[in-house]
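Before any comments, here is the structure.
Residue numbers (the working numbering), protein chains in the order written: chain A, 5 to 130; chain B, 18 to 122.
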């Protein structure tokens, strides 16, 4: 069973992403509304996520900063992180991809295909 | 459409009802920015706040099926990214966004 950690400061984005992944793919989800909360959730050994879907623009700690923080923790550094962004300009996309994340997905996402997008980005076959 | 898709679509429709007040709040922020721009009183803080509202609308409306809303919100975000956005253009785009998202009103 896949467990996806969704980190976004927007309530409705978290809610739509969670319901989409649960209903279309049968995956479990956990959510966090900030970078620090997300890092704490990822580090919970009882519920280690299969992947992290994280917003880029968040108040306080943004997505790229949270990603770098995750990379400093050896026990969770190998969890694949997909950044979620509404930035459509190529320069932003290249900057995010250059961080070393597993992929970049774009807002607004299609709830009916979000799970397929994640699977494709991570090379998941199931 | 499969069961999962039908269920997801129904849940999204219910969620849209829930988020509608927040969308209306963001549209009101954009209208206020247009009014301030028209009177020459659009300051940096208000422009930045309105730009953020447009960015959030651009990133969310398409999830609910309002792809055109996302496209218009992106134009508004780009306009509000300018130091002195054209008030008339901003007002027109705001009206277009409202028409697209709330065609019944």
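Positions of the beta carbon are idealized from the N, C-alpha and C atoms, including for glycine. What you are looking at is a predicted structure, and each value in this text was computed from that prediction instead of being measured.
What residue from B:27, B:35, B:49 has the CA that sits closest to residue 112 of chain B's CA? It is B:49.
Within 10 angstroms of the Cβ of residue 119 of chain A, are there 16 or more other Cβ atoms? Answer buried if so, exposed if not. Buried, by the Cβ-count rule.
Tell me where the beta strand (DSSP E) around residue 107 of chain A begins and ends. Unbroken beta strand (DSSP E) run through residue 107 of chain A: 107-110.
Looking at the C-beta of residue 159 of chain B, does it have a partner C-beta in chain A at a distance below 9 Å? The structure shown has nothing for residue 159 of chain B, since chain B only spans 18 to 122.
Provide the residue span of the beta strand (DSSP E) that contains residue 83 of chain A, from first to last. For residue 83 of chain A, there is no enclosing beta strand (DSSP E), since its DSSP letter is neither H nor E.
Specify the secondary structure class of residue 36 of chain A as computed by DSSP and reduced to three states. Three-state DSSP puts residue 36 of chain A in a strand.
May I have the straight-line CA-CA distance separating residue 68 of chain A from residue 103 of chain A, to the nearest angstrom? Rounded to the nearest whole angstrom, the CA to CA distance from residue 68 of chain A to residue 103 of chain A is 7 Å.
Grab me the residues of residue 132 of chain A's own chain with a C-beta within less than 6 Å of its C-beta, minus the 5 sequence neighbours each way, in chain order. The structure shown does not extend to residue 132 of chain A, since chain A spans only 5 to 130, so no value can be given for it.
Give me the residue from A:91, A:106, A:105, A:128 with the minimum Cα distance to residue 112 of chain A. Per the Cα distances, A:91.
For residue 121 of chain A, I'd like the list of residues in its chain whose CB is within less than 6 Å of its CB, leaving aside the five on either flank, ordered along the chain. Cβ within range, chain order: 109.
Quick one: complete alpha helix (DSSP H) runs, 4+ long, within the segment 68-102 of chain B? The segment 68-102 of chain B contains these whole alpha helix (DSSP H) runs: 84-97.
Interface residues of chain A facing residue 47 of chain B [CB-CB closer than 7 Å]: Going along chain A, no residue has its Cβ under 7 Å from residue 47 of chain B, so there is no contact; the nearest lies around 16 Å.
Which value, in whole angstroms, describes the spacing of the CA atoms of residue 25 of chain A and residue 52 of chain A? Taking the CA atoms as reference points, residue 25 of chain A sits about 17 Å from residue 52 of chain A.
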